[in-house]
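Number of protein chains: 2
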Amino acid sequence: MADQKKMVEEITSMDEDFAKWYTDVVKKAELIDYSSVRGCMVFEPYGYAIWENIQKILDGMFKETGHQNVYMPMLIPESLLQKEKDHVEGFAPEVAWVTQGGGQELEERLCIRPTSETLFCEHYRNVIHSYRDLPKLYNQWCSVLRWEKTTRPFLRNMEFLWQEGHTMHETAEEAVAETEQMLNIYARFCEEYLAIPVVKGRKTDKEKFAGAEATYTIEAMMHDGKALQSGTSHYFGDGFARAFDIQFQGRDNKPQYPHQTSWGVSTRIIGGIIMTHGDDSGLVLPPAIAPVQVMVIPIAQHKEGVLEKAEEVKKMISGYCRAGIDCSDNSPGWKFAQYEMKGVPLRLELGPKDIEKGQCVLVRRDTREKAFVPLEKLSAEIPRLLKEIHDSLFARALENRESRTFSATTLEELTKLADERSGYIKAMWCGDLQCEEKLKEVAGVSSRCIPFEQEHISDTCVCCGKPAKEMVYWGKAY
Amino acid sequence: MADQKKMVEEITSMDEDFAKWYTDVVKKAELIDYSSVRGCMVFEPYGYAIWENIQKILDGMFKETGHQNVYMPMLIPESLLQKEKDHVEGFAPEVAWVTQGGGQELEERLCIRPTSETLFCEHYRNVIHSYRDLPKLYNQWCSVLRWEKTTRPFLRNMEFLWQEGHTMHETAEEAVAETEQMLNIYARFCEEYLAIPVVKGRKTDKEKFAGAEATYTIEAMMHDGKALQSGTSHYFGDGFARAFDIQFQGRDNKPQYPHQTSWGVSTRIIGGIIMTHGDDSGLVLPPAIAPVQVMVIPIAQHKEGVLEKAEEVKKMISGYCRAGIDCSDNSPGWKFAQYEMKGVPLRLELGPKDIEKGQCVLVRRDTREKAFVPLEKLSAEIPRLLKEIHDSLFARALENRESRTFSATTLEELTKLADERSGYIKAMWCGDLQCEEKLKEVAGVSSRCIPFEQEHISDTCVCCGKPAKEMVYWGKAY
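Protein chains in written order, with this note's numbering: chain A, 0 to 477; chain B, 0 to 477.
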């Protein structure tokens, strides 16, 4: 038990065991704690604060593009879930069922939402009557639950937090444009705020969302070369509208079915941040979503005036960054290790000698670079460094991706690459499900996406040798 | 169906049928839609935007006082819910049970959280080891579910949104101080932001939270004289800590149990806003939480330059208020009625003649007062009027409460008052449960609270005539 000085415990190194390194970081950086329900996790203050920052940025982007937040019920009656055939087939096996309430057996089972298309459709049926009622551009922030067989913090929680946008449009063109707009917003968010480069593309039929006509995706590559699907945007056509009998009177006075989209980003992305930027000392957070961007650490804090000055500096810089201060009686060395573990982008050290000289020491988390900075220059230097850290994290992640992106023209070549290297393999595909399944079986890779930016690798399908339709990114994925 | 010009439908008058007036407003102001699960409701954009404003203000107040947000699982295993005896007795009858997941029967039932004390305790057991780990000041924003027999939008949803703070402290004194601090924050929030005057006090043992040593409450009075419990703050002592075996090493090196609080405000408060300020034309929103504070309505908008000028004014005032504009082809009369229904605090009318004169018309929702205001004076006039509206809503609500607060010294007097009038009845109480139950039975009133500001009404209990201990507010409640 306590009262001893706390130790910053060591974590497994990435190269030794990437999976163990990941769970070590998640625990030691105090992002997540386990609960007694398998796969349902506690988002601790530091982990949740990252999510709050993500929410704030994305929510602003959604509202700027005309979306409104709503909140739908968390329970879906079985009969409602069953209305759209493909959808229920995809989700029914992985839901949790409420069968008792208020001390009684229910007449109809209710599932905890795994996603909310059916609930939005039920509501849209009540409120969409005329083309004047369109578009409906709704979003909700909530938790959903999917009964996963194996779970991993952030990456595959049974219950996870997300936002789900659900929109209805007068025409197919408008709905497709919305799907693309939201995918672009997600890509911009990943690149400009999380410093994670992404590939934009379309999912194959095998990988698309249950009930969708098309699923668009952004795929990020983790430090170990595996892919993480980081955000998706679905075009439904009028399939759900027909199943739920949602009709509106069109401009031609005739009844029509609206066209639908949905799109989502979840707490999974926090797993992506960890595995893109982290290192053997722990988390490395992109400045835009770091709960604390600059941590002030007083040196020789027992000396007169040090704590006061440190508090003053903290207050001063709080005007232009999220600043923290640690005045606990732990040693400076412990504090350095602790905030490295937590991935705080900048450390600001301030001791008696610095105070005399009117300066402090700024240390970057990502490169460990150290610089003496006059206090009056902090207001220029901190924002500059935060931007530089972001750019450099992005550049490093992009370099990792490029060095791990290969191409193959034959099955042999692809299998060898999949065995020996970890990353994306670009290869042509005929479009047949059989070839997609064979690549999974033989080489252990799945189709990540059919990228919007196509390249011509060869003329024939990497698997069957028939004429190729499209270039696909193949890889292993979380 | 549509394409006809929409009509603003009439609502039932308050005096005719207050309950029907309430549900009319909730529907016509587009706050809530019903779903196919009884008691689980859709928070539509306008209703949810009110909640978002409430969240933003309260969340800021919580963070200012050192609280951190977390997110706990939504599922509680039956064995965990049962750990604290009083708590499970209070909540078990009204929970929903998940008994199947991933296609299989579960070995142990899981309930959807009706409140999260047990989950917080399970986590606190993992992270509290030393007095250095205290206090823990956590809060979460989430939805909870209680299997209610009868439900009403906002006031008694089966699933509702709320925040629940859960804190742990080294000493009982600190925990009690936290309980009081949070009650004061709730009271300040109601009075300074929602314009709802509240009475602060303690609940009787009968009315307190299941498992709490003491429950503090703020009680608001609705337009019809019935009370609404609008926020509660509970002191638990170390009861849960003992039940969950949470111990820390104290300053004296000995193991000790921490002292606990919880406190919550829910979407119920939106029902309180409606029933405190609304009138026969619909909702009346206090400016601080109104999604739109000023709605710009162009007059004769087909005339050249009107729409452009209206957009320009809307943009201009957006710098200092939440402004909206309605350029639809509905008539100005329809728009007036529509935004009265929605309770927008100020309407800004702008027509060709106004534009010529460089002025506009501002109309208050609460008093219907109308004033011509030069455009260059809007930046002073709008904030001034919004403040005036807040003050005047508060004064009106306070006046309603005062005119409906009575006192009684005998059971006969109290019963007569409860029969003939609707409001608070101040009366002395001996402290016995029997008398409390008798007042419910005979006069149909419950104890709302034992107010912190005590008055001496008489020497003896209003019910049994024995020596009185305390003055209690009695009344009917939502």
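Even for Gly, the Cβ is constructed at its ideal location relative to N, Cα and C.
Look at A:F42: its C-beta is under 8 angstroms from a C-beta on chain B. Within chain A, the residues whose beta carbon sits less than 9 angstroms from that of B:N125 are D32, Y33 and V41, listed in sequence order.
B:D237 counts as buried, since at least 16 other C-beta atoms from the protein chains shown sit within 10 angstroms of its C-beta. Look at the segment 94 to 124 of chain A: the residues with a C-beta under 8 angstroms from a C-beta of chain B are V94, A95, W96, V97, T98, Q99, G100, G101, G102, R108, L109, I111, L118, E121 and H122.
Under the 8 angstroms criterion on CB atoms, B:E51 is classed as interfacial with respect to chain A. Residues of chain B whose Cβ lies closer than 7 angstroms to the Cβ of A:V36 are, in chain order, P72, L74, P76 and L109. Within a 10 Å sphere around the beta-carbon of B:L432 sit fewer than 16 other beta-carbons, which makes this residue exposed. CA-to-CA, the gap between A:K386 and B:Q292 works out to about 37 angstroms.
For A:I53, the CB contacts under 6 angstroms within the same chain, skipping 5 residues up- and downstream, are I288 in chain order. The C-beta of B:W161 comes no closer than 8 angstroms to any C-beta of chain A. For the set A:T178, A:E435 and A:L349, the Cα lying nearest the Cα of A:S232 is the one of A:T178. Segment contact: the segment 456 to 471 of chain B against the segment 422 to 432 of chain B, three or more CB-CB distances shorter than 8 angstroms; contact assigned. Three or more beta-carbon pairs separated by less than 8 angstroms are not found between the segment 129 to 148 of chain A and the segment 11 to 25 of chain A, which leaves the two stretches without contact. Taking the Cα of A:L349 as reference, the smallest distance to any Cα among A:E339, A:E435 and A:L361 is reached at A:L361. The beta-carbon of B:E88 is placed no less than 8 angstroms from the nearest beta-carbon of chain A. Comparing C-alpha distances from A:L438 to each of A:E412, A:E452, A:G200 and A:S280 shows the shortest one belongs to A:E412.
Listed in chain order, the non-local C-beta contacts of B:G443 below 7 angstroms within the same chain comprise A417 and K475, local neighbours out to five positions each way being set aside.
Just measuring C-alpha positions, the residue of A:L74, A:M274, A:F119 and A:T117 sitting nearest A:C110 is A:L74. A straight line joining the alpha-carbon of A:A28 with that of B:T366 spans about 55 angstroms.
Counting every other CB atom within 10 Å of its CB across the protein chains shown gives A:P344 a total of 16 or more, marking it as buried. Boundaries of the beta strand (DSSP E) around A:T404: T404 to S406. Uninterrupted alpha helix (DSSP H) stretches at least 4 residues long and entirely within the segment 288 to 324 of chain B occur at 305 to 316, given in chain order. By the 16-neighbour rule on beta-carbons within 10 angstroms, A:D390 is exposed. In the three-state reduction of the DSSP assignment, A:Y256 falls in the coil class.
The beta carbon of B:Y234 sits closer than 7 angstroms to those of A174, V175, T178, A211, E212, A213 and T260, all from its chain and outside the five residues before and after it, given in chain order. Scanning its chain for C-beta atoms nearer than 7 angstroms, with the 5 sequence neighbours on each side dropped, one finds around B:P113 the residues F90, E93, V94, V143, L144 and R145, in chain order. Burial check for A:D23: the Cβ neighbour count within 10 Å reaches 16 or more, so the residue is buried. Chain B has a Cβ within less than 8 angstroms of the Cβ of A:N68. Using a Cβ-Cβ cut-off of 8 angstroms, B:Y137 counts as an interface residue toward chain A, since at least one Cβ of chain A sits closer than that to its own.
Membership of A:A336 in any beta strand (DSSP E) is not indicated; the residue belongs instead to the alpha helix (DSSP H) covering P331 to M340. No Cβ of chain A is located within less than 8 angstroms of the beta carbon of B:L282. Closest in C-alpha terms to B:I388, from the list B:I245, B:G102, B:Y192 and B:A219, comes B:Y192. Taking all protein chains shown into account, A:E116 has 16 or more neighbouring C-beta atoms within 10 Å of its C-beta and is therefore buried. Excluding residues up to 5 positions away in sequence, H86, V87, F90, A91, V94, C110 and T117 lie with their Cβ nearer than 8 angstroms to the Cβ of B:L80 in the same chain. Contact between the segment 147 to 158 of chain A and the segment 32 to 39 of chain A is present: 3 or more CB-CB pairs across the two stretches fall below 8 angstroms. Counting along the chain, the unbroken beta strand (DSSP E) around A:Y472 starts and ends at E469 to G474.
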